[in-house]
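Q:
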Amino acid sequence: MNSKLSLLSIRFGRKFSTTTPIFAGHAKWQNIKHRKERQDASRSAQNTKMAHKIYIAAKEGGSPDPLKNFRLAMIIESATRASVPKKVIEAAVSRAEKSSTNPADNALSMTYEGMGPGGVAFVVEALTDNKNRTAQQIRAMFQKYKGSLSPTLYMFDRKGWIELPKENITFDNVFDTCADTEGVDDIDEDETTINIYTDPTMLNSVATDVKKYYKISNMGLTYLPKSGQETQMLSSETLGKLENFIIDLEELDDISEIYSNYVRS
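Start counting the sequence shown at 1; every next residue gets the next number (UniProt numbering).
#1: Buried or exposed: which applies to Phe156, given that a residue is buried once 16 or more other Cβ atoms fall within 10 Å of its Cβ?
#2: For Lys33, does the count of other Cβ atoms within 10 angstroms reach 16, so buried, or fall short, so exposed?
#3: If I follow the unbroken beta strand (DSSP E) through Asn121, where does it start and stop?
#4: DSSP beta-bridge partners for Ile196?
#5: Tell me whether Met110 sits in a helix, a strand or coil according to DSSP, three-state version.
#6: Going along the chain, which residues of its own chain have a beta-carbon closer than 7 angstroms to the beta-carbon of Leu249, five neighbours each way excluded?
#7: Hey, would you say Ala135 sits closer than 8 angstroms to Ser260, going by beta carbons?
#8: Given a threshold of 16 other Cβ atoms within 10 Å of its Cβ, counted over all protein chains shown, does Thr192 qualify as buried or as exposed?
#9: Measure the C-alpha to C-alpha separation of Asn244 and Ile56 and round it to an integer number of angstroms.
#10: Beta-carbon within less than 8 angstroms of Gln232's beta-carbon, same chain only, minus the 5 sequence neighbours each way: which residues are those?
#11: Is DSSP giving Gly220 helix, strand or coil here?
#12: Helix, strand or coil: how does DSSP classify Lys212 here?
#13: Could you tell me whether the region 178-192 touches the region 91-101, using the rule of 3 or more Cβ pairs below 8 angstroms?
#14: Tell me the residue span of the beta strand (DSSP E) that contains Ser256.
#15: Taking its Cβ as the centre, do 16 or more other Cβ atoms sit within 10 Å of Gly119, making it buried, or is it exposed?
#16: How long is the line joining the alpha carbons of Ala82 and Ala51, rounded to whole angstroms?
#17: For a quick check, are the C-beta atoms of Gly116 and Tyr145 less than 8 angstroms apart?
#18: Would you mind giving the Cβ-Cβ distance between Tyr214 and Val174, rounded to the nearest angstrom? I have them listed as a contact below 8 angstroms.
#19: For Lys87 versus Leu108, is the C-beta spacing smaller than 8 angstroms?
#20: For the alpha helix (DSSP H) holding Ser63, just list the boundary residues, first then last.
#21: How is Met233 classed by DSSP in three states: helix, strand or coil?
#22: How far does the alpha helix (DSSP H) with Asp176 in it reach, from first residue to last?
#23: Rounded to whole angstroms, what's the CA-CA distance from Leu72 to Ile246? Just pull it up for me.
Structure below.
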């Protein structure tokens, strides 16, 4: 059978059908089966990523108890909204709680630095039980896009980050309330959110204070490009490569966070 006609029959149904109804039904079932497999794989990858974030937040936030670790509470809330199974969430918290006394838990938080397409600087965080494997995978991905692993951390500042949705609040409201709060370094806004940046060691304490006045939609630790270290002007071709590079990086199982110095102008 002509492969082009076969594809047309699947896409457009009866109008271009060159198959018997049985084959057409089989093709439809195969499409549903393959789509479900892709969805299941995507869901599994999402669960793995969220479990990584929960584990890291529980370890770095000083407590596996979400009542004492606001960053962890926010990530658990995000995971719940994303339909991550309760057992996945509980297992990640339990693993973090036991890791300090369990020699068999050799999960390592790793940070990788590199230059990607268009000379854009990246910081990539991963949670891995095999740092050699993860380093090889990340190196191969940078090389695939004509980049390389090389020092970039000097181009970034480590910050705590708190995101507020613009729901009946203004930048001026938040600035007046939070600018003098101990630990707050900067406040900015975009079309839909107001962002508060903090000393990374004071993220939880600042968030605890901010939530008395405002709804927090997201928070965590981040890397921000230093002033003068941003990359802004990229051709459409290079921007396409950059987006594909980030998508491919995100598909690596061990990757938990990706930061870059690219800023849309």
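Here a beta-carbon is modelled for each residue, glycine too, at the ideal position from N, C-alpha and C.
A: Straight from the coordinates:
#1: Here residue 156 corresponds to residue number 156 of the sequence shown, with the count starting at 1. By the C-beta density criterion, Phe156 is buried, having at least 16 other C-beta atoms within 10 angstroms.
#2: In the sequence shown, counting from the first residue as 1, residue 33 sits at position 33. Unreliable placement is indicated for Lys33, whose pLDDT of 43 sits below 50; the coordinate value is still reported in the next sentence. So Lys33 counts as exposed.
#3: Start at 1 with the first residue of the sequence shown, and residue 121 comes out as number 121. Here the sequence assigns Ala to residue 121, which means Asn is not the residue at that position. Note, Ala121: beta strand (DSSP E), Ala121 to Thr128.
#4: Here residue 196 is taken as the residue at index 196 of the sequence shown, counted from 1. Ile162 and Ile187, per the DSSP bridge assignment.
#5: Walking along the sequence shown from the start, residue 110 turns up at place 110. DSSP, read as helix, strand or coil, puts Met110 in strand.
#6: Locating residue 249 in the sequence shown gives position 249, where the first residue counts as 1. Excluding positions up to five away in sequence, the list reads Val124, Met141, Ile255 and Ile258.
#7: Mapped onto the sequence shown, residue 135 falls at position 135. Mapped onto the sequence shown, residue 260 falls at position 260. The answer is no: Cβ separation not under 8 angstroms.
#8: Along the sequence shown, one-based indexing puts residue 192 at 192. By the beta-carbon neighbour count (other beta carbons within 10 angstroms, threshold 16), Thr192 is exposed.
#9: As a first step, residue 244 must be located in the sequence shown, where it is residue number 244. As a first step, residue 56 must be located in the sequence shown, where it is residue number 56. Rounded to whole angstroms, Asn244 to Ile56 spans 26 angstroms at the Cα level.
#10: Here residue 232 corresponds to residue number 232 of the sequence shown, with the count starting at 1. Within the same chain, Gln232 has close Cβ partners Tyr262, Val263, Arg264 and Ser265.
#11: As a position in the sequence shown, residue 220 is number 220, starting the count at 1. Gly220: strand per DSSP, three-state reduction.
#12: Position 212 of the sequence shown holds residue 212. Per DSSP, reduced to three states, the secondary structure at Lys212 is coil, with no helix or strand assignment.
#13: The answer is no - the region 91-101 does not touch the region 178-192, with fewer than three Cβ pairs under 8 angstroms.
#14: If you number the sequence shown from 1, residue 256 lands on position 256. Per DSSP, Ser256 is one residue of the beta strand (DSSP E) stretching across Ile255 to Ser260.
#15: Within the sequence shown, numbered from 1, the residue matching residue 119 stands at position 119. So Gly119 ends up on the exposed side.
#16: Within the sequence shown, the letter at position 82 stands for residue 82. Within the sequence shown, the letter at position 51 stands for residue 51. If you take the alpha carbons of Ala82 and Ala51, they lie about 12 angstroms apart.
#17: As a first step, residue 116 must be located in the sequence shown, where it is residue number 116. As a first step, residue 145 must be located in the sequence shown, where it is residue number 145. A contact, by the Cβ cut-off of 8 angstroms.
#18: Translated into the one-based positions of the sequence shown, residue 214 becomes position 214. Translated into the one-based positions of the sequence shown, residue 174 becomes position 174. So it is a contact: roughly 7 angstroms between Cβ atoms.
#19: Translated into the one-based positions of the sequence shown, residue 87 becomes position 87. Translated into the one-based positions of the sequence shown, residue 108 becomes position 108. One thing to note: Lys87 has its Cβ no nearer than 8 angstroms to the Cβ of Leu108.
#20: Working through the sequence shown from its first residue, we reach residue 63 at position 63. Secondary structure note for Ser63: it is in no alpha helix (DSSP H), with a DSSP letter that is neither H nor E.
#21: Start at 1 with the first residue of the sequence shown, and residue 233 comes out as number 233. DSSP places Met233 in coil when its eight states are reduced to three.
#22: To locate residue 176, count along the sequence shown from 1; it is residue 176. Its alpha helix (DSSP H) spans residues Phe171 to Cys178.
#23: Start at 1 with the first residue of the sequence shown, and residue 72 comes out as number 72. Start at 1 with the first residue of the sequence shown, and residue 246 comes out as number 246. Their Cα atoms are separated by approximately 25 angstroms.
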